[in-house]
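2 protein chains.
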Amino acid sequence: MQEIDYYGYRGLVKEKLMKINARVGDRIRVVNVDKVFEGRLMPREALYGDRPFVVIKLDNGYNIGVRVTDTTIIEKIGSFEKAVPAPSKPLVQKSDLPRVIMLSTGGTIVSKVDYETGAVKPALSTEELLEWIPEIANIAYVEAKEILRIFSEDMAPRLWSKIAEEAYKHMIDGYDGIVIAHGTDTMGYTAAALAFAIRNKRVPIVLVGAQRSSDRPSTDSAFNLTAAFLTAAKAPFAESVVVMHGETGDAYALAHRGTKVRKMHTSRRDAFQSINERPLAIVYPREGKIKVVNKIIEHRDKSKEPILKNRFDEKVILLKVYPGIDPEIIEVLIDKGYHGIVLEGTGLGHTPQWLIPTIKRAVEEGIAVVMTSQCLFGRIDMYVYSTGRKLLTAGVIPGEDMLPETAYVKLSWILGYTRDLKEVRKLMLSNIAGEINYRLTVNLYPRWPL
Amino acid sequence: MQEIDYYGYRGLVKEKLMKINARVGDRIRVVNVDKVFEGRLMPREALYGDRPFVVIKLDNGYNIGVRVTDTTIIEKIGSFEKAVPAPSKPLVQKSDLPRVIMLSTGGTIVSKVDYETGAVKPALSTEELLEWIPEIANIAYVEAKEILRIFSEDMAPRLWSKIAEEAYKHMIDGYDGIVIAHGTDTMGYTAAALAFAIRNKRVPIVLVGAQRSSDRPSTDSAFNLTAAFLTAAKAPFAESVVVMHGETGDAYALAHRGTKVRKMHTSRRDAFQSINERPLAIVYPREGKIKVVNKIIEHRDKSKEPILKNRFDEKVILLKVYPGIDPEIIEVLIDKGYHGIVLEGTGLGHTPQWLIPTIKRAVEEGIAVVMTSQCLFGRIDMYVYSTGRKLLTAGVIPGEDMLPETAYVKLSWILGYTRDLKEVRKLMLSNIAGEINYRLTVNLYPRWPL
Numbered sequence: 001m002q003e004i005d006y007y008g009y010r011g012l013v014k015e016k017l018m019k020i021n022a023r024v025g026d027r028i029r030v031v032n033v034d035k036v037f038e039g040r041l042m043p044r045e046a047l048y049g050d051r052p053f054v055v056i057k058l059d060n061g062y063n064i065g066v067r068v069t070d071t072t073i074i075e076k077i078g079s080f081e082k083a084v085p086a087p088s089k090p091l092v093q094k095s096d097l098p099r100v101i102m103l104s105t106g107g108t109i110v111s112k113v114d115y116e117t118g119a120v121k122p123a124l125s126t127e128e129l130l131e132w133i134p135e136i137a138n139i140a141y142v143e144a145k146e147i148l149r150i151f152s153e154d155m156a157p158r159l160w161s162k163i164a165e166e167a168y169k170h171m172i173d174g175y176d177g178i179v180i181a182h183g184t185d186t187m188g189y190t191a192a193a194l195a196f197a198i199r200n201k202r203v204p205i206v207l208v209g210a211q212r213s214s215d216r217p218s219t220d221s222a223f224n225l226t227a228a229f230l231t232a233a234k235a236p237f238a239e240s241v242v243v244m245h246g247e248t249g250d251a252y253a254l255a256h257r258g259t260k261v262r263k264m265h266t267s268r269r270d271a272f273q274s275i276n277e278r279p280l281a282i283v284y285p286r287e288g289k290i291k292v293v294n295k296i297i298e299h300r301d302k303s304k305e306p307i308l309k310n311r312f313d314e315k316v317i318l319l320k321v322y323p324g325i326d327p328e329i330i331e332v333l334i335d336k337g338y339h340g341i342v343l344e345g346t347g348l349g350h351t352p353q354w355l356i357p358t359i360k361r362a363v364e365e366g367i368a369v370v371m372t373s374q375c376l377f378g379r380i381d382m383y384v385y386s387t388g389r390k391l392l393t394a395g396v397i398p399g400e401d402m403l404p405e406t407a408y409v410k411l412s413w414i415l416g417y418t419r420d421l422k423e424v425r426k427l428m429l430s431n432i433a434g435e436i437n438y439r440l441t442v443n444l445y446p447r448w449p450l
Numbered sequence: 451m452q453e454i455d456y457y458g459y460r461g462l463v464k465e466k467l468m469k470i471n472a473r474v475g476d477r478i479r480v481v482n483v484d485k486v487f488e489g490r491l492m493p494r495e496a497l498y499g500d501r502p503f504v505v506i507k508l509d510n511g512y513n514i515g516v517r518v519t520d521t522t523i524i525e526k527i528g529s530f531e532k533a534v535p536a537p538s539k540p541l542v543q544k545s546d547l548p549r550v551i552m553l554s555t556g557g558t559i560v561s562k563v564d565y566e567t568g569a570v571k572p573a574l575s576t577e578e579l580l581e582w583i584p585e586i587a588n589i590a591y592v593e594a595k596e597i598l599r600i601f602s603e604d605m606a607p608r609l610w611s612k613i614a615e616e617a618y619k620h621m622i623d624g625y626d627g628i629v630i631a632h633g634t635d636t637m638g639y640t641a642a643a644l645a646f647a648i649r650n651k652r653v654p655i656v657l658v659g660a661q662r663s664s665d666r667p668s669t670d671s672a673f674n675l676t677a678a679f680l681t682a683a684k685a686p687f688a689e690s691v692v693v694m695h696g697e698t699g700d701a702y703a704l705a706h707r708g709t710k711v712r713k714m715h716t717s718r719r720d721a722f723q724s725i726n727e728r729p730l731a732i733v734y735p736r737e738g739k740i741k742v743v744n745k746i747i748e749h750r751d752k753s754k755e756p757i758l759k760n761r762f763d764e765k766v767i768l769l770k771v772y773p774g775i776d777p778e779i780i781e782v783l784i785d786k787g788y789h790g791i792v793l794e795g796t797g798l799g800h801t802p803q804w805l806i807p808t809i810k811r812a813v814e815e816g817i818a819v820v821m822t823s824q825c826l827f828g829r830i831d832m833y834v835y836s837t838g839r840k841l842l843t844a845g846v847i848p849g850e851d852m853l854p855e856t857a858y859v860k861l862s863w864i865l866g867y868t869r870d871l872k873e874v875r876k877l878m879l880s881n882i883a884g885e886i887n888y889r890l891t892v893n894l895y896p897r898w899p900l
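Have a look at this one:
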């Protein structure tokens, strides 16, 4: 039978902690022959629970693992309750500042480790937010509301609908900007969804996340949130954007167009980058400045009448093409009643020849098939090679320079309103929310280090 | 009934060309009221066949379309045969140079428009190659052999086996380097396949392609081929590499490790880039120089005994994860008897929670499930968030910093030899051909233009 964890600890460490009834957040002292450490007891990742280390948070904020042997002495020198700081004086907000509401959906950005349970707890209320980052009270009149509490990997089209509805409601209510706190895994998809689902926006919708949680010294939460509030309050554009670190330091953030942004790194702070498009703006949260760097923006205008179109069809697949792909996979999608397929093809927009008859059958059955490229950078051009021309003849809709992820969101959105393939084609080929860049994008290619 | 094309032309243009019995490659004069053009008749893309233009290649090498109206006069002023240049003196090769063989598989790199048929024809023979790019005779004693004639989008695991067998045979035969001419669409996949399929290489295997065909003024064929022959003849490493333009000019090419390279742009000459790894070398074809820039290389050594392990399992899928993905898709793969699934997950290596029970079932049924990230850059770390830990518990193998495409090739290769999941896991987590970079890769991130 598997041993039951004690805050993730097992074996010797668990035994020693239980003996002194230490709870996570308690101040403890760990005495070894050579060294003594003091700090707050932290929970242990269950996967590491068998390793003979106890994790404590030192007063300088860093977590360390201290080796525990039979001779190690662990003492409790302070309890969790005593460590809670006295509540600070409530901050008085300035009512003449732009009104910005943060709708939180979950994710690292709103997570703080709860020392009581060891669990990660979303920080939600306006008070908590202002206590955490008081400087945003100088940027905007701040409110916060929790609308979801999920990891962003659990995001789904029906939740895009809900977020869009909330954002729309608050836009109509007269807010000057909306911040959406979101996990980073799928933030690009949601940014694209909000770009399509609210037409004729009055004010910006700013998605923001964090790559490192707020209990880590390298956290980017406060910097990103400040940049996001600044963008929501003051940016001249009324688009769905992602605002995140622009480089690894704290010099600036970037505001990326929601339909052109992609998470390009698993862990770097500047993971989000624009593809085939310039960022809309460089955001300097410390200086309170926004420098617009893209000539084409949809302008902020509170007299506009936003329109909510937040239906998304869930019977759409994003399918990557690779050598040896079996047509059977597409056959199955046809049989299962899918409505749309976004192919992430090779090069200029190709699939193996042997897939084309099945793709043709899919189109004949009324399924919208859209071509994008796994190269990510550059534009689909299906006229150059015969494979591309055959795919066009089979009825495939070329996805221009759209990101595969954005094409997926867009097709799901279009199919929420029409399944007429002519209409779907027309809409897929129209630039609705900046997802197609007709200008020359070939120079918008990053430079690799040598 | 559909009209039959005349070299792709239809309607008025076809009529006028047939009247003078003009064949593609013939020299023609097109006389309009305002202007006269002379050049060689070119074939027309069938999709444009109805447009009233005739395409000619001017003497400066550019192709133009000249409008044809009822009053346009088209004259034939020279026939194709007369234009053929006198055969040049056969070039005498230097037998003291390294022996390099080019195995061509097809693709733009070996394509020249055949003016007789209008078709694109692979240039294959040693003589044709040397006539086209005489300077490579100063680099190597050159031979050429056609082993396949396909577009690279039609590449498949069983063809990787064939290419590997040919490359192995010629390595054993004592060649000093092997060039594989390949279409660019799936060249990265084949480069990875050859990295795994021949163990203990003696000499380099250099994949090379072209982004622009050799009848276009902007062609990169000759530059890339020269760089590839130079690398095959002289590079100090014995790895499977991709050699292509390093930037848009003709200053240098880059040799990328086959397991770490990816086509990142649909059309730029420098589309191929290393991900999470430095290139192995900068190649200067004009100066005949190779500058190695990666400290870790597998060295060229003709005393080594290469081992051919060229089995690939075709029952493997590369599956991209996206918001709303239906577990049903994985259920189907289980039921269809798939042996391996490479997930292109979100962020550090996640899927939606609702996928986990199905993934667990897949593993229980003996299917190897490997996690990679759609971010491309950075490393999988499934210990940070609970979703990752749950996926690990379900039996998912974390793909480190491997490219999704490389993980797909590697899993297909491993499953060609064993379906024992413990063994598969061990091999997937071992660095076999440079596909895993254990060093810090966080700084190998390109810089986006601002």
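The listed protein sequences correspond, in order, to chains A and L. For the first sequence, my numbering assigns the number 1 to the initial residue and increments by one for each residue that follows. For the second sequence, my numbering assigns the number 451 to the initial residue and increments by one for each residue that follows. Every residue, glycine too, gets a C-beta built ideally from N, C-alpha and C. No experiment lies behind these values; they were computed from the predicted model shown.
Can you name, in chain order, every residue of its own chain whose Cβ lies under 6 Å from the Cβ of Asp185/A, other than the five neighbours on each side?
-> Ser152 and Glu153
Opposite Met694/L in the DSSP bridges: which residues?
-> Leu704/L
Put Met552/L into one of helix, strand or coil per three-state DSSP.
-> strand
Below 9 Å between beta carbons: does that hold for Ala394/A and Glu435/A?
-> Going by C-beta atoms, Ala394/A is not nearer than 9 Å to Glu435/A.
Since Val55/A contacts Ile74/A with CB under 8 Å, what's their CB separation in whole angstroms?
-> That pair is no contact at about 12 Å.
Tell me the DSSP bridge mates of Thr796/L?
-> Note: Thr796/L sits in a beta bridge opposite His800/L.
DSSP three-state assignment for Tyr772/L, whether helix, strand or coil | coil
If you drop the 5 nearest sequence neighbours on each side, which residues of the same chain put their C-beta closer than 6 Å to that of Gly177/A?
-> Listed in chain order, the non-local C-beta contacts of Gly177/A below 6 Å within the same chain comprise Val100, Val203, Pro204, Ala232 and Ala233, local neighbours out to five positions each way being set aside.
Span of the beta strand (DSSP E) holding Thr372/A?
-> If you look at Thr372/A, you'll find it in the beta strand (DSSP E) that goes Ala368 to Ser373.
Apart from the five residues on each side of it in sequence, which residues of its chain come closer than 6 Å, Cβ to Cβ, to Ile139/A?
-> Phe229, Leu230 and Ala233
Note down the Cα distance separating Asp59/A from Lys260/A, rounded to an integer number of angstroms.
-> 42 Å
Taking the alpha-carbon positions, what's the Ala672/L to Ala227/A distance?
-> If you take the alpha carbons of Ala672/L and Ala227/A, they lie about 49 Å apart.
The region 584-607 of chain L: positions lying closer than 7 Å to chain A by Cβ | When CB distances to chain A are screened at a threshold of 7 Å, the residues of the region 584-607 of chain L falling below it are Phe601, Glu603, Asp604, Met605, Ala606 and Pro607, in chain order.
How is the beta strand (DSSP E) around Ala731/L delimited, first residue to last?
-> Ala731 to Tyr734
State yes or no: is the beta carbon of Met694/L nearer than 9 Å to at least one beta carbon in chain A?
-> Output row for Met694/L: interface = no.
Apply the 10 Å Cβ neighbour rule to Val483/L and answer buried if 16 or more other Cβ atoms are within range, or exposed otherwise.
-> exposed
Taking Cβ-Cβ distances shorter than 7 Å, what residues in chain L pair up with Thr186/A?
-> Pro773 and Thr796
Just how far apart, CA to CA, sit Ile290/A and Leu207/A?
-> Rounded to the nearest angstrom, the two C-alpha atoms are 16 Å apart.
Which residues bound the beta strand (DSSP E) around Phe601/L?
-> Element bounds for Phe601/L: n/a, residue is neither H nor E.
Between which two residues does the beta strand (DSSP E) harbouring Ala181/A extend?
-> Gly177 to Ala181
Give the residues of chain A in contact with Met492/L, contact being defined as C-beta atoms less than 9 Å apart.
-> Within 9 Å Cβ-Cβ: nothing; Met492/L doesn't reach chain A, min ~15 Å.
Does the beta carbon of Gly434/A sit closer than 9 Å to a beta carbon anywhere in chain L?
-> no
Cα-Cα separation between Lys860/L and Leu890/L, rounded to whole angstroms | The alpha-carbon separation between Lys860/L and Leu890/L amounts to approximately 22 Å.
Span separating the alpha-carbon of Arg447/A from that of Leu841/L = One C-alpha to the other measures close to 35 Å.
Do you know how far the Cα of Lys770/L is from the Cα of Ile809/L?
-> 14 Å
Check Val905/L in the structure and name its three-state DSSP category.
-> The question about residue 905/L has no answer, for chain L in this structure spans 451 to 900.
Top-ranked residue by Cα proximity to Ala255/A, from Leu280/A, His265/A, Arg262/A and Val13/A | Leu280/A
Just the Cα atoms here: how many angstroms apart are Met637/L and Ala192/A?
-> 31 Å
Hey, could you find the ends of the alpha helix (DSSP H) Phe679/L is sitting in?
-> Ser671 to Lys684
Rounded C-alpha distance that separates Asp455/L from Asn471/L = When rounded, the distance between both Cα atoms is 14 Å.
Going by other Cβ atoms of all chains shown within 10 Å of its Cβ, with 16 needed for buried, is Met18/A buried or exposed?
-> exposed
Exposed or buried, what is Lys336/A when buried is set at 16 or more other beta-carbons lying within 10 Å of its beta-carbon?
-> Classification of Lys336/A: exposed, given that the 10 Å Cβ count is below 16.
Residue interval of the alpha helix (DSSP H) (run including Phe196/A) = Met187 to Ala197
Where Leu783/L sits in the DSSP three-state scheme = helix
Should Asp270/A be flagged as near chain L, meaning a C-beta pair shorter than 9 Å?
-> yes
Can the beta-carbon of His528/A be found less than 9 Å from the beta-carbon of Phe237/A?
-> Because chain A spans 1 through 450 in this model, residue 528/A falls outside it and cannot be assessed.
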